[in-house]
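Numbering (the working numbering), first residue to last: 945 to 1315.
Structure first, then comments.
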Amino acid sequence: MFGHTKKVRYAVVGGGQISQQAFMPGVARTDNSEMTALVTGDPVKADKLAKLYGIKAWSYDDYDALLKSGEIDAVYIATPNFLHLQYAVPALEAGIHVLLEKPMASSVAEAEQIIAAQQKGGAKLMIAYRLHNEPGTVDMITRARNGDFGDLRSFVSVFAQNVAEANSRGHNGYWGGPVPDMGTYPLNAVRNLFGREPVSVHAVGIKSPGRGFNFHDTVAVTLGFADARIAQFTVSYATASSEFFELVGTEASIHANPAFMFGPKVGIAYVERTADGSKEHSFDPVEQFGNETQYFSNCILKDLHPEADGEEGLMDMRVLAAIEQSLEKGETITLAPATRSRRVEADQALKLKPAKQPSEDEMISIIPQSA
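Here's what the structure looks like:
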């Protein structure tokens, strides 16, 4: 299908902030990927954004025609979460590869439908866990798995920001709120650092006075694991920005900050503390969105199975659903035991140089995420 110099042709589905700020600039850093189409319902984006990148604009009504057009090999889906199913399933069933933003969907049943479509159509599906290709994160995960920090016992994290209620994230219920949006980062981190799947979930949420969200805007989660391990994280849409995690083992602890964010000047870093003292591990900023695209395109071109596949997305989805259930019931939710067949490998880390990102006021026809 592809020659040695062929690039995977992507359609960007959804021209919102994450597409404009990060994915679309990042593709240019790859050597195996290119954008050929934009799917948007906004005529201003269809005109200006498509012209900016020299690509063809399609409406959502013409999505099926795009999938059959022969003009694309893959889609990058960055719509609001509740629309992921609607655009992932037809693409996969049409044999078009899908790079799907996280969280994977807005229910476990939807995630399972997406996986079924992938198995039916035979195209490749990767969930956009950009940190699975980021050098600092991959280093921490592989060292944790190798036992460098001893027997792991505890994980604590905060990931918080101040989000505008007018943004799509601010009024679409639990599945548009901070737990699926931001909580996926500490959740995915601890699952991969521990190399285990949680067996119990308890969550407590608040609705901040004076804010207009239609969900708990600040949520604290406790996860129980087998093998005497425990994790806690807090996420918020209604506070000053914060991001870190602390991983504690019997031989060492590590404190990561920055831990989850991206940008031309953001390099993931961590401090390792042992009985002998502290050591800082810092990593240069990389093009995180270009990295994941380069990795996925390589899987497509060489017929490899991407690590961050539908199963990885589903493992997070079942915990996110249990957190929602715990918030509603006010009790601890037990999860069925599960194991992940793949794990992050050291050679997934890539080092593409960061692309320049537009600021919020430079982007076209968006409602800014920041309050």
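Just so it is clear, CB atoms sit at the ideal spot from N, CA and C, and this is done for glycine as well.
Please read all numbers here as calculations on a predicted model, not as lab measurements.
Three-state secondary structure assigned by DSSP to residue i
i, result
"G1154", "coil"
"Y1214", "strand"
"S1314", "strand"
"I962", "helix"
"I1277", "strand"
"K995", "helix"
"G1254", "helix"
"G947", "Any reading at G947 must be qualified, since the residue scores a pLDDT of 45, below 50, and its modelled position is unreliable; the value itself is stated next. It is coil, neither helix nor strand."
"A1299", "coil"
"L1096", "strand"
"E1195", "coil"
"F1103", "strand"
"L1044", "strand"
"I1021", "strand"
Continuous alpha helix (DSSP H) stretch holding residue i: start and end
i, result
"T1081", "P1079 to R1089"
"Q1063", "V1052 to G1065"
"N1242", "Q1232 to L1245"
"Q1176", "No alpha helix (DSSP H) holds Q1176; the beta strand (DSSP E) holding it covers R1173 to S1180."
"T1128", "T1128 to F1138"
"K921", "Since the first residue shown for the chain is 945 and the last is 1315, residue 921 is missing from the structure and cannot be characterised."
"K1012", "Y1007 to K1012"
"V1033", "H1028 to E1037"
Minimum C-alpha distance to residue i - residue among the options
i, options, result
"V1163", "I1267, P987 and P1250", "I1267"
"P1208", "E1190, P1130 and K1295", "K1295"
"G1065", "F1169, A1200 and L1036", "L1036"
"P987", "M979, M1084, I1058 and G958", "G958"
"S1309", "A1055, I962, V952 and L1029", "I962"
"Y1181", "A1110, A1170, T1218 and K1246", "A1110"
"A1022", "L982, E1045 and D1005", "E1045"
"G1139", "D991, V956 and S1285", "S1285"
"S1152", "D1260, E1141 and V1107", "V1107"
"F1099", "L1131, T1086, L1027 and E1275", "L1131"
"A1038", "N1025, Y1007 and S1050", "Y1007"
Proximal residues to residue i (C-beta, below 8 angstroms), its chain only, five neighbours per side dropped
i, result
"T1237", "Y954, F967, G970, V971, T974, S977, Y1020 and L1043"
"R1074", "F1206, Q1232, F1233, N1235 and E1236"
Whole-angstrom C-beta distance between residue j and residue i, which should lie under 8 angstroms
i, j, result
"F1009", "A1001", "Note that residue 1009 corresponds to Ala in the displayed sequence, not to Phe. Contact doesn't hold; Cβ gap of about 13 angstroms is too wide."
"G1193", "D1095", "6 angstroms"
"L1011", "I1040", "6 angstroms"
"M1084", "A1252", "Actually they do not touch by this definition, with Cβ atoms about 16 angstroms apart."
"K1068", "P1250", "6 angstroms"
Same chain, Cβ closer than 6 angstroms to residue i, neighbours up to 5 away in sequence not counted
i, result
"T1183", "A1104"
"V1210", "P1202 and P1229"
"E1054", "L1029"
"T984", "G959 and A990"
"Y1129", "F1103 and F1204"
Neighbourhood of residue i by C-beta distance below 7 angstroms, restricted to the same chain and skipping five residues each side
i, result
"V1179", "F1103, A1104, P1122, V1123, M1126, G1127 and V1163"
"I1059", "G1254 and L1258"
"N1158", "H1115 and G1117"
"E1195", "F1093, G1094 and T1218"
"R1262", "V1052 and L1279"
The beta strand (DSSP E) enclosing residue i, as first and last residue numbers
i, result
"M968", "Segment M968 to V971 is the alpha helix (DSSP H) holding M968; no beta strand (DSSP E) there."
"A1001", "K1000 to W1002"
Chain D contact for residue i (CB, 9 angstroms cutoff)
i, result
"G1065", "The structure shown contains no chain D; it holds only a single protein chain."
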